[in-house]
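Asks: Okay, handing you the structure first.
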Amino acid sequence: MSGSQYKRIVLKLSGQALAGSGYGGIDHEVISIIARQVQEVVELGVEVSIVVGGGNIWRGATGSASGMDRATADYMGMLATCINSLALQDALERIGVVTRVQTAIEMKEIAEPYIRRRAIRHLEKGRVVIFAAGTGNPYFTTDTTAALRAAEIEADAILLAKGNVDGVYDSDPLVNPDAVIFSELSYIEVIRRGLGVMDSTATSLCMDNNIPIFVFGLSTDGNIKRVVKGEKIGTVIRGKNDA
Ligand code: GTP
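Numbering follows the numbering used here, with no gaps: position 183 of the sequence shown is 183.
Listed below in C-alpha cells is the structure:
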C-alpha cells in the first residue's frame, strides 16, 4: 500500500458537512470536494467504506424533542441518510469511483440490502461501500452505525470527519474561544468527561473492539488522506496502551 497506515477504514461524515455553509440540504460543490478526497484515498489502495449522517435533512433528536414519537423521528433520520448516501454515490461515480450502497432497511429497488460478507467482498474488489439507513434501528446514531460496521467488517480505523470543528476540545469551541484541543484521548476519558464527540454507545463499541477513532475537520485540501497517511491532525481516540 502506497503510504497508507490502514488497509480498511470507515469514514464517518456528518450529514451537516454535506450542507457546506448552507443551512441544510446538499451543497454540490462540497459533495464533489468530499468525493475527490475519497478518490485520493482509494487510489492509495485503501478499502473505504462510508457512513453518512442525515442531520442536513432531518434530525431524529429534534423531532422527538418537539414531541414526536422517538422511533418515528429516528426512522425519518434513517431515510435522510439514504438520500445523502445516494448523493455521495452519485458524486463518487461521476468521477469514476466504483461504489455500492447497502441499506440497513430493505429498499431493494433503490439499493442492495446490507449483507456483511458481500460488503467485505465489494471492499476487497476496490469498491467504496456506503452504508445507508443507520443500523436500521431507532435509538441508535449514525456514529454507532460507524462503530458497528467497523467492527463487523474488521476495519482498522474510523475517520470521523467533522464539518464545523477540527478535533475534540475540552469544551465547545464554538461557544468557548479558550477551549483546548486534545491530541489524544482514551475511550474511557471521552465517556467519563462526557465529551460530545461521539455518543457513549458508539465510543464503548469502539473501546470493546479496540478500533481507533480519528476526529478531524473536513478540509477542502485533503485531510482525509493526511489522516490515512498517519499525519497527526485533530484528535485520536484509542486505548492508552496503543499510543
Ligand atoms: P459482484 O458479484 O462482486 O460482481 O458484485 P456486483 O455488486 O457487481 O454484483 P451484482 O450483479 O449483484 O450487482 C450489480 C449491480 O446491482 C450493483 O450496482 C449493485 O449495487 C446492484 N444491486 C445488487 N443487488 C441489488 C438490490 O437488491 N437492489 C438494488 N437496487 N440494486 C442491487
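Beta carbons are placed, not taken as given, at the ideal position from N, Cα and C, and that holds for glycine. Values in this document were obtained by computation on a predicted structure and should not be read as measured data.
Taking buried to mean at least 16 other C-beta atoms within 10 Å of its own C-beta, is Ala17 buried or exposed?
Replies: The residue in question, Ala17, is buried, as its Cβ has 16 or more Cβ neighbours within 10 Å.
Asks: Beta carbon of Ile181, beta carbon of Gly167: below 8 angstroms?
Replies: A contact, by the Cβ cut-off of 8 angstroms.
Asks: For the beta strand (DSSP E) containing Ser49, list its first residue and its last residue.
Replies: From DSSP, the beta strand (DSSP E) with Ser49 extends over 47–52.
Asks: Apart from the five residues just before and just after Pro173, which ones in its own chain have a Cβ nearer than 7 angstroms to its Cβ?
Replies: Contacts found: Val165, Ala179.
Asks: Could you tell me whether the region 131–139 touches the region 80–96, where touching means 3 or more Cβ pairs closer than 8 angstroms?
Replies: Flag = yes, the region 131–139 and the region 80–96 touch.
Asks: Taking the beta strand (DSSP E) that Lys162 falls in, what are its first and last residues?
Replies: First-last of the beta strand (DSSP E) with Lys162: 157–162.
Asks: For the beta strand (DSSP E) containing Gln102, list its first residue and its last residue.
Replies: Its beta strand (DSSP E) spans residues 99–103.
Asks: Hey, is the region 229–241 in contact with the region 183–193, meaning 3+ C-beta pairs nearer than 8 angstroms?
Replies: Because the criterion of three Cβ pairs below 8 angstroms is met, the region 229–241 and the region 183–193 touch.
Asks: Give a single yes or no on whether Lys108 has its beta carbon closer than 7 angstroms to a heavy atom of the ligand GTP.
Replies: At least one heavy atom of the ligand GTP is nearer than 7 angstroms to the Cβ of Lys108, so yes.
Asks: Between which two residues does the beta strand (DSSP E) harbouring Arg246 extend?
Replies: Past the boundaries of the shown model lies residue 246; the chain is included only from 1 to 243, so the question cannot be answered.
Asks: Tell me where the beta strand (DSSP E) around Val128 begins and ends.
Replies: Unbroken beta strand (DSSP E) run through Val128: 128–132.
Asks: Starting from the Cα of Ile34, find the closest Cα among Lys12, Asn210, Ile233, Gly22 and give me that residue.
Replies: Considering only alpha carbons, the answer is Lys12.
Asks: Comparing alpha-carbon positions, which option in Arg117, Asp69, Val128 lies nearest Val97?
Replies: Val97 has its Cα closest to that of Val128, out of Arg117, Asp69, Val128.
Asks: Less than 8 angstroms between C-beta atoms, sequence neighbours within five positions excluded: which residues of the same chain meet that for Val30?
Replies: Taken in chain order, the residues that qualify are Ala17, Leu18, Ala19, Gly20.
Asks: Following a CB-centred definition, is Glu93 positioned closer than 7 angstroms to any heavy atom of the ligand GTP?
Replies: No, the beta carbon of Glu93 sits no closer than 7 angstroms to any heavy atom of the ligand GTP.
Asks: Confirm the yes/no value for this check: CB of Ala111, any heavy atom of the ligand GTP, distance under 7 angstroms.
Replies: Yes, the ligand GTP has a heavy atom inside 7 angstroms of this Cβ.
Asks: Using beta-carbon positions only, say whether Val42 and Tyr6 come within less than 8 angstroms of one another.
Replies: No, they are not a contact pair.
Asks: Does the Cβ of Asp143 have 16 or more other Cβ atoms within 10 Å, making it buried, or fewer, making it exposed?
Replies: Answer is buried; the Cβ neighbour count reaches 16.
Asks: Please state the DSSP three-state secondary structure of Arg8.
Replies: Arg8 falls in the strand class under three-state DSSP.
Asks: Which complete beta strand (DSSP E) runs does the region 19–100 hold, if anything under 3 residues is left out?
Replies: Within the region 19–100, the complete beta strand (DSSP E) runs of at least 3 residues are 47–52.
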